[in-house]
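Residue numbers 275 to 530, in this note's numbering, belong to the letters of the sequence shown in order.
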Amino acid sequence: MMTKPSISLMVICLFLIPDTPARADKTDRIIAGEKATIQSAVESQQRVNRLSDETRALFQDFQLELKRIEDLKAYNEQLRQQIQRQRQSLAETEQAIDDVAIVERQLTPLLNRMVTSLETFIQLDMPFLLEERRERVAFLKHTLNRADVDLAEKFRQVMDAYNVELDYANTIEAYRGTLEIGERAREVEFLRIGRVGLMYQSLDGSEIGAWNSDTGEWKSLSSRYARDIRLGLKVAKKQAAPELLLLPMPAPEPNS
Numbered sequence: 275m276m277t278k279p280s281i282s283l284m285v286i287c288l289f290l291i292p293d294t295p296a297r298a299d300k301t302d303r304i305i306a307g308e309k310a311t312i313q314s315a316v317e318s319q320q321r322v323n324r325l326s327d328e329t330r331a332l333f334q335d336f337q338l339e340l341k342r343i344e345d346l347k348a349y350n351e352q353l354r355q356q357i358q359r360q361r362q363s364l365a366e367t368e369q370a371i372d373d374v375a376i377v378e379r380q381l382t383p384l385l386n387r388m389v390t391s392l393e394t395f396i397q398l399d400m401p402f403l404l405e406e407r408r409e410r411v412a413f414l415k416h417t418l419n420r421a422d423v424d425l426a427e428k429f430r431q432v433m434d435a436y437n438v439e440l441d442y443a444n445t446i447e448a449y450r451g452t453l454e455i456g457e458r459a460r461e462v463e464f465l466r467i468g469r470v471g472l473m474y475q476s477l478d479g480s481e482i483g484a485w486n487s488d489t490g491e492w493k494s495l496s497s498r499y500a501r502d503i504r505l506g507l508k509v510a511k512k513q514a515a516p517e518l519l520l521l522p523m524p525a526p527e528p529n530s
C-alpha cells in the first residue's frame, strides 16, 4: 500500500520541474515561425484582395469600354444614316436646281409674251384708266428685266396684273379723267359698267356720250340717257342704291 503514493509524488514532481533554456528557445522559435507564417498568410491575403480589387476594377473598365464601343457603333450608324439622307437631299436639291433652271428658261419667255399680250389687249380694249393700265404694263416690263427680282416674284406680279384686268369685268366704276376727241380735250366723269359699257358726262352735265366698240370711237348720246348716266355715276360712287338703268350697251352678236 505504501508504494502508490510514492509514485504519484514522483509524477507531480516531474511536472513541477521548470523548463530548461533549450526548451524555451525551441518554443520561441516555434512561436516566431507561426507568427511568420501568419504574417505571410496575411500578406498573401492582402495581395489576393488587391488583385481581386484590381481585377474587379479592370472588369468594370472593360464593361464601360464595351458600352462606349456600343454607343459609338450606334452613333456611327446614326451618322451614316444622316449622311445618307443628306446625300439624298443634296441630290434632290441638285435635281430641283436643274428643274428650276429648265423652268426659268421656259417661264421667262412665257412671262414676256404674257406682258406683250396684256399690252395689246389694253390697246384694243375700251379706253378706260389708260394711264394707270399702261403704267402697270411698263412696270411689268421693267421688272422682268431686273436681275435682282427672282422668277417667282416676276410671275406673281404678272398674275396680279392679269387679275386686276379680270376684276374690271365684274365691277362698276366712276372716275374723273381727260377725254380727247380729235384735238379737243376736256375734263369729264367716266362711268364704266364692267367691260361692256363706257360712258362719260361733262362736268356741267350738258354733254354725254359712250364708247362705240365697233368703230373704236366716242359717240355723243341723246339727252334721254342723261338721267340714267347721272344715276349710274351715283351708284358707282355708292351715293345711290343700285337700280335698273337704261344705258347704251352694244347689242349681243347673233349666233352664227
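Using N, Cα and C, we set each Cβ at its ideal position, and we do this for glycine too.
All values derive from a computational prediction rather than experimental measurement.
How would you label V432, buried or exposed, when you count the other beta carbons within 10 angstroms and need 16 or more for buried? If you number the sequence shown from 1, residue 432 lands on position 158. Classification of V432: buried, given that the 10 Å Cβ count is 16 or more.
From F413 to M473, what does the alpha carbon distance come to, in whole angstroms? Here residue 413 corresponds to residue number 139 of the sequence shown, with the count starting at 1. Here residue 473 corresponds to residue number 199 of the sequence shown, with the count starting at 1. Going from the Cα of F413 to the Cα of M473 covers about 28 Å.
Do K415 and V374 have their CB atoms nearer than 8 Å? Position 141 of the sequence shown, counting from 1, holds the residue named residue 415. Position 100 of the sequence shown, counting from 1, holds the residue named residue 374. No, the Cβ-Cβ distance between K415 and V374 is not below 8 Å.
Go through the stretch 447-525 residue by residue and report every complete run of the beta strand (DSSP E) that reaches 3 residues or more, in order. 458-467, 471-476, 482-486, 491-494
L283, DSSP secondary structure in three states: The count along the sequence shown starts at 1 and reaches residue 283 at position 9. Unreliable positioning characterises L283 in this predicted model, as indicated by a pLDDT of 47, which lies under 50. The coordinate reading is nonetheless provided below. Of the three classes helix, strand and coil, the one that applies to L283 here is helix, per DSSP.
If you run the structure through DSSP and keep just helix, strand and coil, what is R420? Position 146 of the sequence shown, counted from the start, is the residue given in the question as residue 420. Coil at R420, not helix or strand.
Given that a residue counts as buried once 16 or more other Cβ atoms are within 10 Å of its Cβ, and exposed if not, what is A306? Working through the sequence shown from its first residue, we reach residue 306 at position 32. A306 is exposed by the Cβ-count criterion.
Along the chain, where does the alpha helix (DSSP H) containing N437 start, and where does it finish? Along the sequence shown, read from residue 1 onward, the residue named residue 437 stands at position 163. Run containing N437: 425-441, per the alpha helix (DSSP H) assignment.
Cutting at 7 Å between CB atoms, please list the residues of its own chain near Q513, excluding the five before and the five after it. The residue given as residue 513 occupies position 239 in the sequence shown. Answer for Q513: no residue qualifies.
Distance CB(G479)-CB(R504) smaller than 8 Å: As a working mapping, residue 479 is identified with position 205 in the sequence shown. As a working mapping, residue 504 is identified with position 230 in the sequence shown. Yes.
Presumed contact (8 Å Cβ cut-off) between L261 and A435, rounded CB distance: Outside the displayed range of the chain (275 to 530) lies residue 261, so it cannot be described from this structure.
Using three-state DSSP, classify K278 as helix, strand or coil. Translated into the one-based positions of the sequence shown, residue 278 becomes position 4. Annotation note: pLDDT 47 at K278 (below 50); position unreliable, coordinate value reported separately. K278 falls in the helix class under three-state DSSP.
Would a C-beta distance cut-off of 8 Å place G451 and V462 closer than the cut-off? Your numbering for residue 451 matches position 177 in the sequence shown. Your numbering for residue 462 matches position 188 in the sequence shown. Closer than 8 Å, so yes.
Compare the C-alpha of Y442 against each of Q355, R466, A421 and name the closest. Residue numbering aside, residue 442 sits at position 168 when the sequence shown is read from its first letter. Ranking Q355, R466, A421 by Cα distance to Y442 puts R466 first.
Measure the C-alpha to C-alpha separation of N486 and M400 and round it to an integer number of angstroms. Start at 1 with the first residue of the sequence shown, and residue 486 comes out as number 212. Start at 1 with the first residue of the sequence shown, and residue 400 comes out as number 126. Straight-line Cα distance between these residues: approximately 9 Å.
Let me confirm a value: L290 is counted as buried when at least 16 other C-beta atoms fall within 10 Å, else exposed. Which label applies? In the sequence shown, the residue the question calls residue 290 occupies position 16. Because L290 sits at a pLDDT of 47, beneath the cut-off of 50, its placement in the model cannot be relied upon, and the point is left open.
Measure the C-alpha to C-alpha separation of R469 and F402 and round it to an integer number of angstroms. What you label residue 469 is simply residue 195 of the sequence shown in a count that begins at 1. What you label residue 402 is simply residue 128 of the sequence shown in a count that begins at 1. For R469 and F402, the distance between alpha carbons rounds to 10 Å.
Can you list, in chain order, the residues of its chain with a C-beta nearer than 7 Å to that of T417? Leave out the 5 residues immediately preceding and following it. Looking up residue 417 in the sequence shown gives position 143. The residues are V423, K428, Q431.
Taking the alpha-carbon of L495 as reference, which of G506, A510, Q475 has the nearest alpha-carbon? In the sequence shown, counting from the first residue as 1, residue 495 sits at position 221. For the residues G506, A510, Q475, the minimum Cα distance to L495 belongs to Q475.
Of the listed residues L507, R501, Q397, V509, nearest to G490 (C-alpha basis): Stepping through the sequence shown from its first residue, residue 490 is reached at position 216. The shortest C-alpha separation from G490 is found at Q397.
Helix, strand or coil for F336, going by three-state DSSP, please let me know. Residue numbering aside, residue 336 sits at position 62 when the sequence shown is read from its first letter. Residue state, collapsed to three classes: helix.
Any chance you could list the alpha helix (DSSP H) runs of at least 4 consecutive residues sitting entirely within the stretch 369-419, in chain order? 404-418
Could you give the DSSP three-state label for I312: helix, strand or coil? Working through the sequence shown from its first residue, we reach residue 312 at position 38. It is helical.
How many Å lie between E344 and R330 at the Cα? By one-based count along the sequence shown, residue 344 stands at place 70. By one-based count along the sequence shown, residue 330 stands at place 56. Their backbone Cα atoms lie some 21 Å apart in a straight line.
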